[in-house]
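These protein sequence lines map, in sequence, to chains H, V and S.
Add 4 to a position in the first sequence, counting from 1, and you land on the number used in the working numbering.
Add 10 to a position in the second sequence, counting from 1, and you land on the number used in the working numbering.
Add 210 to a position in the third sequence, counting from 1, and you land on the number used in the working numbering.
Ideal Cβ positions, reconstructed from N, Cα and C, are used throughout, including at glycine.
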Amino acid sequence: MTLSALNADVIVDKLNTGEVTATDCVQHFLDRIQSHNGDLNAFISISESAVEQAESIDQLRKAGKPLGCLAGLPIAIKDGICVAGQPTTAGSKMLEKFSPPYDATIVEKLKSAGAVIIGKTNMDEFAMGSSTENSFFGPTANPWATNRVPGGSSGGSAACVAGRLAPVAIGSDTGGSIRQPASFCGITGLKPTYGSVSRYGLIAFASSLDQIGPMTRTAKESALLMSVIAGFDPRDSTSSKIQVADFLKSLESPLSGLRIGVVREHLDEGLDSEVNTKITDSISVFKQLGANIEEIEMPHTKSAIAAYYIIAPCEASSNLARYDGVRYTFRAQADDLEEMYRNTRGQGFGDEVKQRIMLGTYALSSGYYEAYYLKASKVRRMIKQDYDEAFQKVDLILGPTTPTTAFKLGQHTQDPLAMYLADIYTVSANLAGIPAISVPVEPSSNGLPIGLQLQGRAYEESSLLQAAHQFQIATSWHTANPSEPWRTQS
Amino acid sequence: MSNSPEQPIAEQPIVNRIAKLARIHLDQQQLESSGNKLEQILDFVSQLEQVEISEDVSPFFGAIESVNAIREDQLTPSVSREKILDNAPESDGEFYLVPPVFRNTDS
Amino acid sequence: MNHASNPQSTNRRVVRFDQSEIIIGLEVHVQLDTDSKLFCGCSTRFGGAANSQTCVVCTGMPGSLPVINQHALELSIRAGLSLNCQIAQSTKWDRKNYFYPDLPKGYQISQFDQPICGPGYLDIEAVENSSQPRRIRIERAHLEEDAGKSIHDESNRGQNSKIDLNRTGTPLLEIVTQPDLRSAAEAKSFLSELKLILNYIDVSDCNMQQGNLRCDANVNLHIPFGEEKIATPIVEIKNLNSFRAVERSITHEAQRQFEAWQENGFTIADAPKQTRGWNDHTQSTTLQREKEDSADYRYFPDPDLIAVKIEEVQIQQIKSQLGSLPSDLRKLLIERYNLKSADATVMVSQGRGVVNYFLEVADGCENSRIANNWIGQEVLRQLNESNQTIDQYPVSPQQFTELLKLVIAGTLDQTRGKEVLNEMVEHCISSQEAIKRLGIKPVDNRELVTLCEKLIAENQEVIEQIQSGNAKAIGMLIGQARKLNPNANPGLIKEMLSKMISS
C-alpha cells in the first residue's frame with residue numbers, strides 16, 4: 005500500500021515506529037503534487053522548506069528527542085491562512101506577492117506538533133465563492149470528475165485530500181466553505197464552533213462567521229487535527245476559554261440513545277432526489293447504530309441565506325478595505341491618491357469580490373443599516389434561537405450538506421443566486437456559531453460524492469466527531485478514492 | 011478600462027455612489043452589470059422584510075457573548091521596519107510612499 | 211431661495227456682531243497614557259524612528275486581530291468619573307469606515323452607540339464678563355484608536371506622501387461636550403481645566419506639542435433678528451492643537467459667520483454642516499468639505515471584538531483611587547489655607563505634586579501665607595529655570611519647612627533666606643548645612659553696636675540727610691552694614707541706627 009492511500013493516524017503511527025521517515029513521507033506527497041497538481045490546480049504554492057523540515061524531524065527522532073503528535077505528517081493549508089515567509093494570497097491578485105511576517109496561531113500549533121506544511125491550497129478569492137472558480141490562480145478541478153468543481157471556497161484543500169496529494173488539509177468555513185467542498189469531493193470536513201479554533205492569522209472574509217477547521221478523509225483524522233488546533237488564543241478576542249475536549253477519546257463511544265433531529269423541509273424543497281435518497285438511507289444507518297430519529301422544526305433557517313448575504317458582505321466590505329495599495333503588494337498605476345485607491349481595488353479584486361464589497365458597502369451606507377445589517381442580525385438571533393430550542397429536544401441535527409452533487413465548471417458563474425443556494429444547508433451553522441461536520445455517504449449513480457451534514461451544540465464538536473466516526477465504522481463510503489487517471493463526468 | 015473621471019451615470023447614480031464609497035473603479039459596463047446583480051441580490055434578500063420579529067429580539071452579532079477579552083498593558087516587541095515594509099508596493103526604507111492627494115498639475 | 215436678493219439683506223446690516231451669541235461645542239481627543247497601544251503591544255512612545263513601532267496588528271496586516279488594552283479602559287473610566295460621567299455597564303466597539311493612507315485597516319475602531327462614558331459635566335471658573343462659574347455638560351466620551359501620520363509634499367509638485375504608522379493604534383479618548391460654551395475664552399478655560407484634571411488623575415500628559423490633546427470645535431451663532439433668533443450654519447473647525455489656535459479660530463470663525471450671514475442670510479436650515487481647517491499662518495479658517503458629500507462612515511459593530519462589561523465594583527474601586535481634583539484643591543486652599551483665589555488657581559495649576567508640596571510645607575511651618583509666597587515665587591521660578599518637576603526638586607518639603615521656620619522666627623531675613631535656599635538647591639543640602647556653608651551665625655548685640663558706631667562715624671553726610679528728614683537714606687547704611695557683616699540682621703540694624711541717630 006502506498007503512503008498516499010493511508011490515513012493520517014496510520015501515517016503518524018508508521019512515522020513513530022520508524023517504518024517510514026518523515027522525509028520519505030513528505031517527498032512522496034510532494035512527488036504526487038508534482039505529477040498531479042497540473043490536473044487539479046489544488047495548490048497555489050508549494051513549500052520549498054518542507055523536505056528540510058522533514059529531515060530535521062527525522063534527525064530529532066533519531067536523537068530520541070521528544071516530538072509532537074503530528075511529527076512528520078504532511079499537511080496542506082488553505083491559502084487564506086498566514087504562514088510566515090510563504091506566499092499567502094487568499095486566491096487574490098491583490099495579495100499575489102504577499103508574504104506574511106507571522107504564522108497564524110493554528111500554523112504555529114501545527115508546526116509545534118511537528119506537522120510539515122507542504123503547500124498552500126487554492127480557494128475562491130478571499131473565500132468568496134462555492135466553487136473555487138473565483139480564484140485569481142484559476143479554478144481547481146474535482147478529482148472525482150475533473151470537469152466539475154470541487155466546491156468552495158476551500159476547494160483546493162478538499163481536492164488535494166480527495167486526490168491524495170496531501171493526507172490532510174486545513175480549510176476555513178464562513179458559510180459552508182469546508183463542508184460544501186468536503187461534500188463535493190467525498191471527504192470529511194468539520195466547521196468547529198465559532199471561537200473553538202483561533203482565527204488569528206486567517207485572512208478575514210466575514211469575521212463573525214469565519215472559522216478554521218480540518219478537512220480529512222476520516223472523522224478520526226479530523227479529531228486528531230482538532231486536538232492540535234483547537235483551544236483558547238489570547239490574540240483572538242472571540243476565542244473561547246472553554247476547556248478543549250479530548251476529541252480522540254470520545255470517538256469510540258457508541259451512539260445508543262443519541263437523539264438525532266431531522267428537518268422535514270430540508271429533505272423536500274429544492275433537494276436533488278438522488279441526494280435525498282442517499283441521505284434518507286444514511287438515517288437508517290444511524291438508527292441501526294442506536295440513535296433515535298426525531299422530526300424537528302427550524303422555521304427561520306429558510307431566511308438564513310438572505311441573512312447571510314447581508315451579514316457576510318457587510319463585514320467583508322469593511323474587512324477588505326485594507327487592500328488599498330499602500331501596504332500589501334499590489335498597487336495599480338495612478339497619479340493621485342484617489343486614483344490609486346480606485347484603480348488598485350478595481351484591478352486587484354475579482355468580479356465576485358467587487359460585487360460583494362459593493363453589496364456590503366450599500367447595505368451599511370447611511371440610511372440602510374437598520375433595514376439590512378440590523379434586520380439580518382435579528383434574523384440571525386431567531387436562527388440561533390431555533391437551534392437553541394432544537395437542541396433541547398435532540399443532540400444532533402442531520403441533513404444533506406448540499407442540495408446537489410458537484411456541478412460543472414462554469415455552470416453557475418453567471419448566476420450568483422444559483423451559486424449562493426449551494427450553501428443553503430450550511431450557512432445556518434455559521435450564523436448560529438455552532439459546529440457542523442460533513443461526511444461522505446453513498447455516491448450518486450454517476451459516481452459523484454454526496455455529503456451528509458451533522459450539526460451539534462456549541463462546543464460539542466466531540467459529539468459530531470463521535471457520530472461521524474461511528475458512521476464511518478459502519479460504512480465505507482469515506483474510503484473510496486477517485487480512480488486514477490482522473491476522468492471527466494458528464 | 012477608461013481612466014477618465016467618472017461621469018455620474020444618470021440611470022445608476024446609486025451604483026456609482028457605492029463604487030465611489032468603496033473606492034472601486036468600475037467602467038460603465040461594469041457599473042451596469044454590477045447594478046443588475048445588486049438589484050437581483052437585493053430583491054432576493056428583501057424576503058427578510060417578511061420575517062416577523064418581535065420588539066424584544068436583540069441582534070446577534072457574533073457567536074460568543076458576555077466574556078471580556080482584554081490584555082495587560084504590556085509591551086511586546088514590534089516587527090522590524092524592514093520586515094513590515096517588505097510587503098509595501100513602494101517605500102523608501104523608512105516610510106510607505108503613496109501618490110499625492112492632488113496630482114501634479116504640471117505634468 | 212435666493213437670500214442675497216432678499217430685501218432683508220439691508221436689515222441684516224443693522225445687526226451688530228456683539229449682539230449675537232456664540233454657540234460652541236468641543237470634541238477633544240486625548241491620548242491616554244498607556245505603555246502599549248490600544249489593541250497591540252507596540253510602544254506608544256513619541257518620537258521613535260518612522261515605522262519602528264508597528265506590528266502585524268497595528269498595520270492591519272491580513273489575518274491580524276485586535277485585543278483591547280485593559281489599562282486604556284481603566285484610564286477612560288477614571289477620566290469619565292472625574293468628569294462626572296455615567297460609566298457604561300456594557301460598552302462595545304464599532305468600525306468607522308473610511309479610506310486614508312495612514313489608516314491601515316480602512317476603518318478606525320471606535321465606539322458608536324455604547325460609549326464607555328455617558329453624560330457628565332465639568333464646572334469651569336468664571337471668565338471675563340460672566341460672573342458665575344459655568345457648568346459645561348459632557349455628552350459622552352468614547353475610546354478609539356489613533357491613525358498614523360501622513361507627511362505630504364508641501365511644495366505641491368506632486369511628490370509622494372510619506373506614511374509613518376508609529377502613532378497608529380494609540381489609545382484616544384474623545385470627549386464630546388454639549389454646545390454649552392459661549393465664548394472663545396470659555397472654550398479655552400474649559401480646555402485648561404480639562405487638561406489639568408487629566409493631568410491630576412494621570413490619564414494623559416496632554417502634551418499639545420506632541421499632539422496628545424487635539425480639539426475640534428463646532429461653532430455657530432445665534433443672532434437676534436427682528437422677533438426671532440437666527441442660527442447660522444454649524445461649522446466644525448478641525449484639528450486645533452494649541453489653546454491659542456482654539457481661541458483665535460473660534461473668534462475668527464464667529465466673525466466670519468456673522469459677515470457671511472449679513473452677506474447671504476443663510477441659516478442652519480439652508481446649509482449643511484461644513485468642515486473648515488484652521489490655518490495658523492493666515493490666522494483664518496478655510497473650507498475643507500461640506501458634510502453632505504463627506505464620507506459615509508458606515509458604522510457597524512466590530513466583529514473582531516466583544517463587548518466589555520464593567521462591574522460596579524470596578525467603578526467604585528477606580529473612584530476611590532481618583533484623589534482630590536483641582537476644583538477640590540482650589541476650594542481647600544482658599545477655605546482652609548486662606549489663599550487668595552488667584553493664588554490658589556496658580557498653585558493648583560502647577561499640578562498635584564506642587565499642591566502636595568505646598569500642603570506639607572504650609573502644615574509644617576504653620577504659616578500658609580509665607581509658604582505660598584515662597585513656593586509660589588521662589589520654588590516655581592527655580593523649577594521653571596531648571597525645567598524640572600517638583601519630584602525632581604532637590605529640597606524636600608521637610609527641609610523647606612525647616613528653612614521657613616527660621617525665616618518666620620526672624621533668624622533668617624528674606625534675603626538671607628533666599629541665599630540659603632539657593633545653596634540648598636545647588637548642593638542638595640539641608641538648611642542647617644547651607645547656613646554653615648554660608649558662614650551664617652547669629653550676631654550678638656555688642657557686635658551690632660560696634661558696627662553701627664562705625665557706620666555713623668564714617669557716614670556723616672548720610673546721617674545729616676537722615677536728620678534733615680530723608681528717612682530713606684538709612685537704606686544706604688544698611689547696605690554697607692551687610693557688606694561689613696553679611697550676618698547682620700537688617701531689621702535690627704535699622705532699629706539700632708535709628709535709635710542712635712535720633713539720640
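Counted as a single uninterrupted DSSP element, the alpha helix (DSSP H) harbouring K224 (chain H) occupies residues A223 to I233.
Runs of the beta strand (DSSP E) lying entirely within the region 555-631 of chain S and spanning at least 3 residues: none are present. Contact annotation: in the region 502-525 of chain S, residues whose CB is within less than 9 Å of a CB in chain H are D506, Y507, R508, Y509, F510, P511, D512, P513, D514, L515 and I516. Checking the DSSP bridge columns, you'll see F47 (chain H) partnered with H:T125. Within chain V, the residues whose beta carbon sits less than 8 Å from that of M362 (chain H) are V25, I28, A29, A32, I34, S44 and L48, listed in sequence order. For Q318 (chain S), the enclosing beta strand (DSSP E) begins and ends at Y317 to S320. The beta carbon of G364 (chain H) sits closer than 6 Å to those of P317, C318, A320 and S321, all from its chain and outside the five residues before and after it, given in chain order. Rounded to the nearest angstrom, the Cβ distance from K97 (chain H) to D107 (chain H) is 24 Å, too far for a contact under 8 Å. When Cβ-Cβ separations below 8 Å define contact, T242 (chain H) makes contact with chain V. Taking C-alpha positions only, G379 (chain S) is separated from P314 (chain S) by approximately 10 Å.
When 7 Å is used as the limit between beta carbons, I207 (chain H) is near these residues of chain S: P272 and G273, in chain order.
Judged by beta-carbon spacing, P439 (chain H) lies beyond the 8 Å limit of L402 (chain H), meaning their Cβ atoms are not closer than that value. By the rule that beta-carbons nearer than 8 Å mark a contact, P196 (chain H) does not touch chain S.
Taking a Cβ-Cβ cut-off of 8 Å, L58 (chain V) has no neighbours in chain S, whose nearest Cβ is about 16 Å from it. V:I94 is the residue among V:P109, V:P110, V:I94 and V:V111 whose C-alpha sits nearest the C-alpha of G103 (chain V).
Look at V120 (chain H) here: in three-state DSSP terms it is strand.
Taking 8 Å as the upper bound for CB-CB distance, V111 (chain V) and H362 (chain S) are in contact here, some 6 Å apart.
If you look at S708 (chain S), you'll find it in the alpha helix (DSSP H) that goes P700 to S712. In this structure, the CA atom of I346 (chain S) is about 18 Å from the CA atom of F453 (chain S). N296 (chain H): member of the beta strand (DSSP E) spanning N296 to I300, first to last residue. If you ignore the 5 residues before and after H40 (chain H), its C-beta comes within less than 7 Å of the C-beta of G167 and L169, all in its own chain and listed in chain order. Within the region 102-115 of chain V, the residues whose Cβ lies closer than 8 Å to some Cβ of chain H are Y106, V108, P109, P110, V111, F112, R113 and N114, listed in chain order.
For M219 (chain H), the three-state secondary structure derived from DSSP is strand.
Per the C-alpha coordinates, the member of H:S442, H:I315, H:T27 and H:K358 positioned closest to G72 (chain V) is H:I315.
Contact with chain H is absent for F322 (chain S), since none of that chain's Cβ atoms lies less than 8 Å from the residue's Cβ. In terms of Cβ geometry, V266 (chain H) and A117 (chain H) do not form a close pair [threshold 8 Å]. Of the candidates H:A119, H:F130 and H:C86, the residue whose Cα lies closest to the Cα of T109 (chain H) is H:C86.
Cβ-Cβ distances below 8 Å link R466 (chain S) to S494 and T495 in the same chain, with the five nearest sequence neighbours on each side left out; the list follows chain order. Inclusion of L255 (chain H) and A295 (chain H) in the CB contact set at 8 Å is not warranted, their separation being larger than that value. Residue state for A162 (chain H) is assigned as helix, using DSSP reduced to three classes. Put simply, the region 265-284 of chain H does not touch the region 29-45 of chain V. Fewer than three CB pairs are less than 8 Å apart. Against chain S, the CB of I51 (chain V) has no partner CB under 8 Å away; the residue lies outside that interface. Chain-order list of chain V residues neighbouring S381 (chain H): P69, F70 and F71, by C-beta distance under 8 Å.
Between the alpha carbons of I600 (chain S) and T611 (chain S) lies a gap of roughly 15 Å. In the structure shown, the three-state DSSP call for K439 (chain S) is strand. Straight-line measurement puts the Cα of K224 (chain H) at about 38 Å from the Cα of E82 (chain V).
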